[in-house]
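J.:
Residue numbers (my numbering): 55 to 232.
Put into structure tokens, the structure is as follows:
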């Protein structure tokens, strides 16, 4: 009798453990609240690690509910930085929201990155670019389409000296180069 009770207890504990995820309080959180939590996670992850561009992808792999929420939250995809894999995916998932860009255009992927971003230059909100040879002339093609641009920071290596940087800020009062 005691052995039977022990076996039953063990079986019930195993069953409860297997279904623990199903009774998790997170499952009752509204999608809007989870989206806000995910946004904070993405922002925190960007501050903490040098590879800031994988957090939304990481969240899509947790479960199907989280994946749906992440894919239905375009704001999670608006900050594009580093060497972004699947740049077209990021742009599409951000829908029509303004983009904040921090990109190294002095890399082998610069052409691919620019080809993905130039059609969406009207959405650039804040942009920081490290320019390489040829990327400045490519960027010149978008100068009349930067309607949403609030700040622009450019740095590039002068062939005769050190890195040169310039920043441009725009607010409702004035535009200023530093």
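Built from N, CA and C at the ideal position, the CB exists for glycine as well.
Computed from a predicted model, the values in this text were never measured in an experiment.
(1) Along the chain, where does the alpha helix (DSSP H) containing residue 111 start, and where does it finish?
(2) Pairs of beta-carbons, one from the stretch 128 to 142 and one from the stretch 161 to 172, closer than 8 Å: are there three or more?
(3) Quick check on this structure: which residue in 56, 151, 93, 82 has the alpha carbon closest to the alpha carbon of residue 203?
(4) Can you name, in chain order, every residue of its own chain whose Cβ lies under 7 Å from the Cβ of residue 131, other than the five neighbours on each side?
(5) Quick check on this structure: which residue in 127, 177, 162 has the alpha carbon closest to the alpha carbon of residue 187?
(6) Since residue 155 and residue 184 are thought to touch, with beta carbons under 8 Å apart, how far apart are those beta carbons, to the nearest angstrom?
(7) Anyone know if the C-beta pair for residue 92 and residue 123 falls short of 8 Å?
(8) Leaving out the 5 sequence neighbours to the left and right, which residues in its chain are closer than 8 Å to residue 80 when beta-carbon positions are compared?
(9) Using alpha carbons as the reference points, say which of 82, 133, 55 lies closest to residue 120.
(10) State the DSSP-derived secondary structure class of residue 127, mapped to helix, strand or coil.
(11) Does the separation of the CB atoms of residue 199 and residue 176 fall below 8 Å?
(12) If you drop the 5 nearest sequence neighbours on each side, which residues of the same chain put their C-beta closer than 8 Å to that of residue 114?
(13) Look up residue 58 in the DSSP assignment and say whether it is helix, strand or coil.
T.: Here's the rundown:
(1) Locating residue 111 in the chain shown gives position 57, where the first residue counts as 1. 109 to 114 is the span of the alpha helix (DSSP H), which, as asked, contains residue 111.
(2) These segments touch.
(3) Here residue 203 corresponds to residue number 149 of the chain shown, with the count starting at 1. Per the Cα distances, 151.
(4) Stepping through the chain shown from its first residue, residue 131 is reached at position 77. Only 110, 144, 147, 148 meet the Cβ criterion.
(5) The count along the chain shown starts at 1 and reaches residue 187 at position 133. Each of 127, 177, 162 was checked against the Cα of residue 187, and the nearest Cα belongs to 162.
(6) As a working mapping, residue 155 is identified with position 101 in the chain shown. As a working mapping, residue 184 is identified with position 130 in the chain shown. About 11 Å separates the two Cβ atoms, so there is no contact after all.
(7) Counted from its first residue, the chain shown places residue 92 at position 38. Counted from its first residue, the chain shown places residue 123 at position 69. Taking the C-beta atoms as reference points, residue 123 is found nearer than 8 Å to residue 92.
(8) Counted from its first residue, the chain shown places residue 80 at position 26. The beta carbon of residue 80 is closer than 8 Å to those of 88 in its chain, skipping five residues each way along the sequence.
(9) For the purposes of this step, residue 120 is taken as the residue at position 66 of the chain shown. Ranking 82, 133, 55 by CA distance to the CA of residue 120 puts 82 first.
(10) Numbered from 1 along the chain shown, position 73 holds the residue referred to as residue 127. Residue state, collapsed to three classes: coil.
(11) Residue numbering aside, residue 199 sits at position 145 when the chain shown is read from its first letter. Residue numbering aside, residue 176 sits at position 122 when the chain shown is read from its first letter. Yes, Cβ-Cβ distance for residue 199 and residue 176 is below 8 Å.
(12) Position 60 of the chain shown, counting from 1, holds the residue named residue 114. A distance below 8 Å between beta-carbons, with the five flanking residues on each side excluded, links residue 114 to the following residues of its chain, in chain order: 120, 121, 124, 125.
(13) Here residue 58 corresponds to residue number 4 of the chain shown, with the count starting at 1. In the three-state scheme derived from DSSP, where H, G and I count as helix and E and B as strand, residue 58 is classed as helix.
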